[in-house]
Amino acid sequence: MDFVMTEPAYKLLIFLFMIRGMYGDIINYYPTATAVEGQNISLQCIVGEEQNFTIIQLEWIKQRKDKEMTDQKIAVFHPGFPINYFQSGFLLETVTSSKTRKLQGSILTLREVRVKDSGNYICEITSYPTGSIKRITKLQVTEPPASVKMSYPYGFIKEGDVMKITCSAIPPPLRYKLKRSKNKIFWLESSNGEFTLPHVTRNDSDMYICLPEWDSLVPNLQGLNATVEVTVNFLDDIKCNTSSSLNVSAGEDVAISCIAKASQYLQYKWMRGDTTLSLSDTLSLTSVTSEQSGTYKLTAVFLDNQLQTDIEISIQVLPKQSEGMTTPLPVRTTKHLSSFTSDGTSSWSTDTSVSTSESGHFLTSTVKPNDTLTTLQPRNTSHPAPLTDSSSPPPVGNASTLHASTVKFINTSTDSLSTTPDPATRGRESPTTVTTQKSITAFTTPKASKSSAYIAVPIVLLLLGLIVLLYRRHQNQKRMDMPPPFKPPPPPVKYTSMKNHDVPMTDILV
Numbered sequence: 001m002d003f004v005m006t007e008p009a010y011k012l013l014i015f016l017f018m019i020r021g022m023y024g025d026i027i028n029y030y031p032t033a034t035a036v037e038g039q040n041i042s043l044q045c046i047v048g049e050e051q052n053f054t055i056i057q058l059e060w061i062k063q064r065k066d067k068e069m070t071d072q073k074i075a076v077f078h079p080g081f082p083i084n085y086f087q088s089g090f091l092l093e094t095v096t097s098s099k100t101r102k103l104q105g106s107i108l109t110l111r112e113v114r115v116k117d118s119g120n121y122i123c124e125i126t127s128y129p130t131g132s133i134k135r136i137t138k139l140q141v142t143e144p145p146a147s148v149k150m151s152y153p154y155g156f157i158k159e160g161d162v163m164k165i166t167c168s169a170i171p172p173p174l175r176y177k178l179k180r181s182k183n184k185i186f187w188l189e190s191s192n193g194e195f196t197l198p199h200v201t202r203n204d205s206d207m208y209i210c211l212p213e214w215d216s217l218v219p220n221l222q223g224l225n226a227t228v229e230v231t232v233n234f235l236d237d238i239k240c241n242t243s244s245s246l247n248v249s250a251g252e253d254v255a256i257s258c259i260a261k262a263s264q265y266l267q268y269k270w271m272r273g274d275t276t277l278s279l280s281d282t283l284s285l286t287s288v289t290s291e292q293s294g295t296y297k298l299t300a301v302f303l304d305n306q307l308q309t310d311i312e313i314s315i316q317v318l319p320k321q322s323e324g325m326t327t328p329l330p331v332r333t334t335k336h337l338s339s340f341t342s343d344g345t346s347s348w349s350t351d352t353s354v355s356t357s358e359s360g361h362f363l364t365s366t367v368k369p370n371d372t373l374t375t376l377q378p379r380n381t382s383h384p385a386p387l388t389d390s391s392s393p394p395p396v397g398n399a400s401t402l403h404a405s406t407v408k409f410i411n412t413s414t415d416s417l418s419t420t421p422d423p424a425t426r427g428r429e430s431p432t433t434v435t436t437q438k439s440i441t442a443f444t445t446p447k448a449s450k451s452s453a454y455i456a457v458p459i460v461l462l463l464l465g466l467i468v469l470l471y472r473r474h475q476n477q478k479r480m481d482m483p484p485p486f487k488p489p490p491p492p493v494k495y496t497s498m499k500n501h502d503v504p505m506t507d508i509l510v
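Be aware that the sequence shown starts at 1, since it is given in the UniProt record's numbering, and climbs by one per residue.
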């Protein structure tokens with residue numbers, strides 16, 4: 001009898017275990033779940049698609065704790081009705097199969113959980129023909145570790161902007177304090193952790209430290225802080241090694257270097273009109289021409305184009321000027337072959353001067369600009385030369401034959417020599433006139449700078465003094481190296497022994 005009653009019960013027990021194992025495998029859920037206070041967490045309870053039954057109702061319940069009398073219903077869903085919530089702060093989402101369009105389960109989301117939300121959450125699925133199926137998820141909510149966070153000021157910060165720094169801490173402190181690493185005087189205080197700094201400058205770039213202050217009763221929280229490095233960007237005006245207007249001569253090389261002080265790396269670009277000439281801070285132009293005259297623009301910009309500045313420089317290319325002005329000055333010189341004595345003289349002042357010297361049978365006249373021209377007339381001559389625009393080089397002594405005349409100039413000149421003998425005086429001793437037409441080119445050369453003389457003269461005097469000093473030192477050293485002068489020893493002294501002289505007593509008495 002016992003065997004007969006035991007066998008059906010045993011078979012029923014085996015069947016129930018099989019059903020429970022089968023359903024346990026087909027329902028997807030989390031047996032345990034953990035969350036930190038303030039987070040959102042989702043608990044799922046979903047039946048697999050391979051199960052051939054129909055879900056009639058879904059229900060979520062929070063199991064009662066030791067001091068609670070009953071379980072707390074959270075939400076109930078029936079396919080024919082909307083979701084019914086019994087408590088706030090929860091969200092129930094239903095899950096439907098994409099193939100069969102049947103209801104498969106639900107997901108319960110808890111928003112901003114607290115420690116008191118910890119407990120067992122029961123998912124109950126009522127289906128046909130299997131009935132009710134329950135699954136339990138144990139949720140553990142913990143307090144977050146004490147932490148302090150700082151948010152970097154939003155966006156690109158440049159000089160003149162308003163900078164906002166936000167500081168947060170868990171658990172919430174009584175107050176927040178903000179200080180700087182380099183500036184020990186800076187100190188701000190806020191109750192909500194928000195700090196505003198208006199009209200910041202480059203000097204406000206620093207490491208900022210957030211110091212929350214909790215109640216003294218809260219252990220292990222004092223001294224917690226957070227830091228953030230803040231950079232205030234700036235870009236100064238461009239400075240160049242030349243003025244904004246530059247005049248150069250044609251054929252010269254031009255090099256313009258510029259720089260701008262900034263908080264970041266800069267990109268430079270030289271442009272003339274729409275043409276880019278250089279991508280550096282230096283503009284180089286070789287052998288400039290008049291076509292290169294115009295306005296040149298330099299732009300300095302941040303890599304992200306947040307800040308930029310520019311400068312314009314006007315370059316004017318002038319025609320190349322000659323080193324001096326050329327002025328032709330005609331000079332006519334008459335020279336005589338006959339013997340004469342330089343007695344009569346006449347002088348007149350012009351822009352040129354003629355100096356005459358004699359070497360053997362040659363007479364040499366040298367013309368120098370800006371001097372007085374002197375014309376000498378021979379005392380005995382039948383055809384005196386005119387005084388106007390003419391001169392006779394005064395020979396020293398008597399000259400019988402003149403083979404050539406040479407006129408020396410500092411610069412190049414063109415000589416046009418024409419000799420016209422006088423037929424009437426060919427048989428007598430009369431001078432033959434040699435007319436030399438000179439075209440003198442006077443050059444205006446730049447005068448030597450006085451500053452060069454002021455520098456050269458002291459250097460020459462210093463070198464001469466140094467040479468004299470070294471020479472005297474050499475003579476003294478040479479004198480010291482010579483042996484001392486010989487001095488003969490004194491003659492020997494002859495010594496004689498003392499002789500005793502006996503004086504008679506009679507002599508003493510006398």
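Even glycine gets a Cβ: it sits at the ideal position worked out from N, Cα and C.
Contacts around ALA33, its chain only, beta-carbon distance under 8 Å, and the 5 residues preceding and following it disregarded: Residue mapping note: residue 33 aligns to position 33 of the sequence shown, counting from 1. These residues qualify, in order along the chain: ILE41, LEU43, THR137, LYS138, LEU139, GLN140.
PRO195: first and last residue of the uninterrupted beta strand (DSSP E) it sits in: Taking the sequence shown and counting its residues from 1, the one referred to as residue 195 is at position 195. This sequence places Phe at residue 195; Pro is not what is there. 194-197 is the span of the beta strand (DSSP E), which, as asked, contains PHE195.
Proximity of SER314 and LEU235 at Cβ, strictly below 8 Å: Walking along the sequence shown from the start, residue 314 turns up at place 314. Walking along the sequence shown from the start, residue 235 turns up at place 235. The answer is no: Cβ separation not under 8 Å.
For LEU110, the first and last residue of its enclosing beta strand (DSSP E): What you label residue 110 is simply residue 110 of the sequence shown in a count that begins at 1. Per DSSP, LEU110 belongs to the beta strand (DSSP E) from 103-110.
Cut-off 6 Å between Cβ atoms - residues of its own chain near MET207, not counting five sequence neighbours on either side: Counting from 1 along the sequence shown, the entry for residue 207 is found at position 207. SER181, THR227, GLU229.
Own chain, CB closer than 8 Å to PRO492, minus 5 neighbours either side, in chain order: In the sequence shown, residue 492 corresponds to position 492, counting from 1. Within the same chain, PRO492 has no close Cβ partners at all.
Straight-line gap, GLN316 to ILE238 (C-alpha atoms, nearest Å): As a first step, residue 316 must be located in the sequence shown, where it is residue number 316. As a first step, residue 238 must be located in the sequence shown, where it is residue number 238. If I take the Cα positions, the gap works out to 21 Å.
Beta-carbon gap between GLN60 and CYS123 smaller than 8 Å: Sequence index remark: in the sequence shown, residue 60 carries index 60 (1-based). Sequence index remark: in the sequence shown, residue 123 carries index 123 (1-based). It is Trp, not Gln, that sits at residue 60 in the sequence shown. Result yes, Cβ atoms of TRP60 and CYS123 sit closer than 8 Å.
Beta bridge counterpart(s) of GLY131 as assigned by DSSP: Position 131 of the sequence shown, counted from the first residue, corresponds to residue 131. Its beta-bridge partners are SER127.
C-alpha gap between THR166 and GLN104, whole angstroms: Here residue 166 corresponds to residue number 166 of the sequence shown, with the count starting at 1. Here residue 104 corresponds to residue number 104 of the sequence shown, with the count starting at 1. Take the alpha-carbon of THR166 and the one of GLN104: they are about 45 Å apart.
LEU318, enclosing beta strand (DSSP E) - first and last residue: Taking the first residue of the sequence shown as position 1, residue 318 is located at position 318. From DSSP, the beta strand (DSSP E) with LEU318 extends over 308-318.
Heavy atom of the ligand ZN within 7 Å of PHE86 beta-carbon: Among the ligands in the structure shown, none appear at all, so the ligand ZN cannot be discussed.
Continuous beta strand (DSSP E) stretch holding LEU235: start and end: Taking the sequence shown and counting its residues from 1, one reaches residue 235 at position 235. Taken as a continuous stretch (DSSP letters only), LEU235 belongs to no beta strand (DSSP E), as it is neither H nor E.
Alpha-carbon spacing of ILE209 relative to ASP161, whole angstroms: To locate residue 209, count along the sequence shown from 1; it is residue 209. To locate residue 161, count along the sequence shown from 1; it is residue 161. Near 20 Å, if we compare the C-alpha coordinates of ASP161 and ILE209.
Close-in-space but distant-in-sequence residues of the same chain around LYS261 (CB under 7 Å, 5 per side omitted): Sequence index remark: in the sequence shown, residue 261 carries index 261 (1-based). Hits under 7 Å: ASP236.
Beta-carbon proximity check, ALA255 vs SER284, cutoff 8 Å: Residue numbering aside, residue 255 sits at position 255 when the sequence shown is read from its first letter. Residue numbering aside, residue 284 sits at position 284 when the sequence shown is read from its first letter. Cβ atoms of ALA255 and SER284: closer than 8 Å.
Proximity below 8 Å, CB of GLU37 to CB of GLU143: By 1-based counting over the sequence shown, the position of residue 37 is 37. By 1-based counting over the sequence shown, the position of residue 143 is 143. Yes; because the gap between Cβ atoms is below 8 Å, this pair is in contact.
Euclidean distance between Cα positions of GLN437 and VAL468: Here residue 437 refers to the residue found at position 437 when the sequence shown is read from its first residue. Here residue 468 refers to the residue found at position 468 when the sequence shown is read from its first residue. Bear in mind that a pLDDT of 40 at GLN437, under 50, signals an unreliable position, so the model cannot answer this.
Where LEU469 sits in the DSSP three-state scheme: Position 469 of the sequence shown, counting from 1, holds the residue named residue 469. DSSP places LEU469 in helix when its eight states are reduced to three.
Residue(s) in a DSSP beta bridge with LYS179: Along the sequence shown, one-based indexing puts residue 179 at 179. In DSSP, LYS179 forms a bridge with TRP187, ILE209.
LYS65 (DSSP reduced to helix, strand or coil): In the sequence shown, residue 65 corresponds to position 65, counting from 1. Of the three classes helix, strand and coil, the one that applies to LYS65 here is coil, per DSSP.
For ARG428, the three-state DSSP class (helix, strand or coil): Position 428 of the sequence shown, counted from the start, is the residue given in the question as residue 428. Low confidence applies to ARG428: its pLDDT is 40, below 50, so where it sits in the model is not reliable enough to give any reading.
For TRP270, the first and last residue of its enclosing beta strand (DSSP E): Locating residue 270 in the sequence shown gives position 270, where the first residue counts as 1. TRP270 -> beta strand (DSSP E) spans 266-272.
PHE90 and LEU58 closer than 8 Å at C-beta: As a working mapping, residue 90 is identified with position 90 in the sequence shown. As a working mapping, residue 58 is identified with position 58 in the sequence shown. Not in contact: PHE90 and LEU58 (Cβ atoms no closer than 8 Å).
Beta-carbon proximity check, VAL115 vs SER106, cutoff 8 Å: Against the sequence shown, residue 115 aligns to sequence position 115. Against the sequence shown, residue 106 aligns to sequence position 106. Contact flag unset, no.
Residue from SER216, PRO198, ILE46, PHE53 with nearest C-alpha to VAL232: The sequence position of residue 232 within the sequence shown is 232, counting from 1. For the options SER216, PRO198, ILE46, PHE53, the alpha carbon positioned closest to that of VAL232 is the one of PRO198.
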